[in-house]
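Student: My questions will all concern the structure given below.
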Ligand SMILES: [Zn+2]
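Numbering (this note's numbering), first residue to last: 765 to 939.
Here you go:
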């Protein structure tokens, strides 16, 4: 699973395993601290080993893979945009990733503005003049790529860390 060399992603939803069987007492939830500990230490090491741009690129890419696989394996509303967004809002809330809202939406142009409140990655972090939700950027791009078949670029323009109460993401068509 994680020992083979690879040129293409091998991740599939089965790698997450049977949590009910494996954690009969612990269950499927854990503290946000643990998620952030994992994510921020990994990011710290990637910055040390490579550089901030490479760490961002890898986080975006991993988020994109997550979004694509979530769409393929979990999302059921795959054709109607409003139904897809409603399911996604419900899912992100149920998974406690955050509260998704669509502020602006133009499906023809593939231009959107989305917000996530109480975001798992950043809400409550010290304010630092940085937008940090690179994994989320990739995640949203992967979901929209799978829905539309069109590649998009997602940029976080407001973040808890840049002093805002919500994370705000702008989606534009890729080139
Ligand atoms: Zn953020």
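The C-beta atom is built at its ideal place from N, Cα and C for all residues, glycine as well.
With DSSP collapsed to three states, give me the class of residue 858.
Tutor: The residue given as residue 858 occupies position 94 in the chain shown. If DSSP states are grouped into helix, strand and coil, residue 858 belongs with the helices.
Student: Closer than 8 Å: is that where the CB of residue 896 sits relative to any heavy atom of ligand 1?
Tutor: By 1-based counting over the chain shown, the position of residue 896 is 132. At least one heavy atom of ligand 1 is nearer than 8 Å to the Cβ of residue 896, so yes.
Student: Can you find a heavy atom of ligand 1 that lies under 8 Å from the Cβ of residue 882?
Tutor: Residue mapping note: residue 882 aligns to position 118 of the chain shown, counting from 1. Every heavy atom of ligand 1 is 8 Å or more from the Cβ of residue 882, so no.
Student: Determine whether the beta carbon atoms of residue 870 and residue 883 lie at a separation below 9 Å.
Tutor: Looking up residue 870 in the chain shown gives position 106. Looking up residue 883 in the chain shown gives position 119. It is not a contact, given that the beta carbons lie outside the stated cut-off.
Student: In terms of residue numbering, what span does the beta strand (DSSP E) encompassing residue 933 cover?
Tutor: As a position in the chain shown, residue 933 is number 169, starting the count at 1. Segment 930-937, the beta strand (DSSP E) holding residue 933.
Student: Going by beta-carbon coordinates alone, are residue 878 and residue 859 separated by less than 9 Å?
Tutor: Here the question's residue 878 lines up with position 114 in the chain shown. Here the question's residue 859 lines up with position 95 in the chain shown. No, they are not a contact pair.
Student: Can you determine whether any heavy atom of ligand 1 sits closer than 8 Å to the C-beta of residue 707, and answer yes or no?
Tutor: Since the displayed the chain opens at 765 and closes at 939, residue 707 lies outside it and no answer follows.
Student: At which residues does the alpha helix (DSSP H) containing residue 839 begin and terminate?
Tutor: As a working mapping, residue 839 is identified with position 75 in the chain shown. No alpha helix (DSSP H) contains residue 839, which DSSP labels as neither H nor E.
Student: Please report the Cβ distance between residue 885 and residue 803, rounded to the nearest whole angstrom; I am assuming they are in contact, meaning their Cβ atoms lie under 8 Å.
Tutor: Sequence index remark: in the chain shown, residue 885 carries index 121 (1-based). Sequence index remark: in the chain shown, residue 803 carries index 39 (1-based). Yes, residue 885 and residue 803 are in contact; Cβ-Cβ is about 7 Å, under 8 Å.
Student: Taking only the alpha-carbon atoms, compute the straight-line gap between residue 840 and residue 834 and give it to the nearest angstrom.
Tutor: In the chain shown, counting from the first residue as 1, residue 840 sits at position 76. In the chain shown, counting from the first residue as 1, residue 834 sits at position 70. Each residue's Cα considered, the two are about 10 Å apart.
Student: Between which two residues does the alpha helix (DSSP H) harbouring residue 903 extend?
Tutor: Along the chain shown, read from residue 1 onward, the residue named residue 903 stands at position 139. 898-912 is the span of the alpha helix (DSSP H), which, as asked, contains residue 903.
Student: Please say whether residue 880 and residue 935 have beta carbons closer to each other than 9 Å?
Tutor: Locating residue 935 in the chain shown gives position 171, counting from the first residue. Locating residue 880 in the chain shown gives position 116, counting from the first residue. No, they are not a contact pair.
Student: Does residue 926 come out as helix, strand or coil in the three-state DSSP assignment?
Tutor: Translated into the one-based positions of the chain shown, residue 926 becomes position 162. In this structure, residue 926 counts as helix in the three-state DSSP scheme.
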